[in-house]
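Sequential numbering from 618 applies to the sequence shown in our numbering.
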Amino acid sequence: MLNTISEKFHKWSQKGWLVIVSMIMTVLFMGYIMPMAGGIMAFLANKSVMPLDLMFFYTPEQAYGMIENYGTDARNLYIKIELSLDILYPAVYTLFFGLALSWLFRRAYKPESKMQKWNAFPISTWILDLFENAGIATMVGMYPAQPAALAWITMLMGSLKWFSLIGTVLLLLTGIFMAIKSKFSKN
């Protein structure tokens with residue numbers, strides 16, 4: 618399955634416009650849509666709040682304290698965000714990272730290099746992000762119930778998501794470095 622995804626990313630990355638559109642969409646989500654959703658959530662909470670998605674580590678007590686702090690309206694919005702925008706956003710950034718890695722790796726490594734398959738690595742971030750979102754939506758929806766195991770599992774998915782994202786960025790930087798080293802020649 619990952620081979621198929623890798624091949625699709627390589628094929629799609631040959632359309633430079635798709636790489637650019639996916640980058641613009643990622644920047645739009647990262648710089649405007651998600652911060653705006655967070656701002657609306659803070660407005661509804663009537664205070665500055667941080668979404669659990671942005672935290673690397675938290676205990677169940679911290680998570681449920683934050684969820685309580687959001688208030689009813691912000692909690693209701695948070696569930697909607699997790700089940701809509703925060704499903705689209707991971708799909709968009711996964712597409713961008715997969716295409717960008719494919720484009721770079723084609724210019725950085727020989728076609729038979731095992732590095733060519735690493736363009737599918739962003740899929741791990743996407744999957745972990747979806748599990749985290751499902752956990753957060755469930756935690757917020759179940760509130761005032763506070764199952765500790767759910768909070769720990771959700772936090773673990775979030776932490777693994779951040780590690781995976783860091784790995785993706787390191788792959789991107791490696792691809793940039795190696796493409797520069799090979800003078801962006803198509804191998």
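Glycine included, each C-beta is placed from N, C-alpha and C at the ideal position. These numbers come from a predicted model, not from an experiment.
Backbone secondary structure at residue i - three-state DSSP
i: glutamate 624; result: helix
i: phenylalanine 794; result: helix
i: methionine 672; result: coil
i: lysine 800; result: coil
i: alanine 768; result: helix
i: methionine 647; result: helix
i: methionine 667; result: coil
i: serine 776; result: helix
i: serine 781; result: helix
i: glutamine 763; result: coil
i: methionine 640; result: helix
i: methionine 618; result: coil
Host alpha helix (DSSP H) of residue i (start-end)
i: glutamine 816; result: Within the shown structure, residues of the chain are numbered from 618 to 804, placing residue 816 beyond reach of any answer.
i: proline 739; result: 739 to 759
i: phenylalanine 601; result: Any question about residue 601 goes unanswered here, given that the chain covers just 618 to 804.
i: threonine 689; result: 677 to 699
i: isoleucine 657; result: 651 to 662
Cβ distance (whole Å) where residue i is taken to contact residue j below 8 angstroms
i: arginine 692; j: tyrosine 649; result: Going by Cβ atoms, the distance from arginine 692 to tyrosine 649 rounds to 23 angstroms, so no, they are not a contact pair.
i: glycine 784; j: phenylalanine 722; result: Not quite, the Cβ-Cβ distance comes to about 15 angstroms (not below 8 angstroms), so this is no contact.
i: methionine 772; j: tyrosine 710; result: Contact doesn't hold; Cβ gap of about 21 angstroms is too wide.
i: serine 623; j: lysine 734; result: 5 angstroms
i: alanine 680; j: leucine 669; result: 6 angstroms
Selected residue, minimal CA-CA separation from residue i, among the options
i: alanine 762; options: Gly682, Met647 and Val636; result: Gly682
i: glutamate 749; options: Gly758, Phe738 and Lys778; result: Lys778
i: leucine 788; options: Ser802, Thr742 and Ala768; result: Thr742
i: lysine 798; options: Arg724, Met618, Thr621 and Lys628; result: Arg724
i: aspartate 831; options: Phe801, Leu782, Ser639 and Phe660; result: Because residue 831 is not part of the residues shown, which for the chain are 618 to 804, the question remains open.
i: isoleucine 744; options: Met642, Ile684, Thr643 and Leu712; result: Leu712
i: glycine 688; options: Met658, Ser701 and Ser719; result: Met658
i: phenylalanine 626; options: Leu790, Lys731, Met618 and Leu716; result: Leu716
i: serine 593; options: Lys628, Met642, Ser781 and Asn620; result: Residue 593 lies beyond the residue range present for the chain, which begins at 618 and ends at 804; the question has no answer from this structure.
i: leucine 619; options: Met653, Phe738, Leu702 and Ile704; result: Phe738
i: glycine 758; options: Ile704, Ala796, Met774 and Leu700; result: Leu700
How do the stretch 655 to 670 and the stretch 627 to 646 stand: do at least 3 beta-carbon pairs fall below 8 angstroms, yes or no? no
Do the stretch 738 to 753 and the stretch 694 to 712 touch if we need at least three Cβ pairs shorter than 8 angstroms? yes
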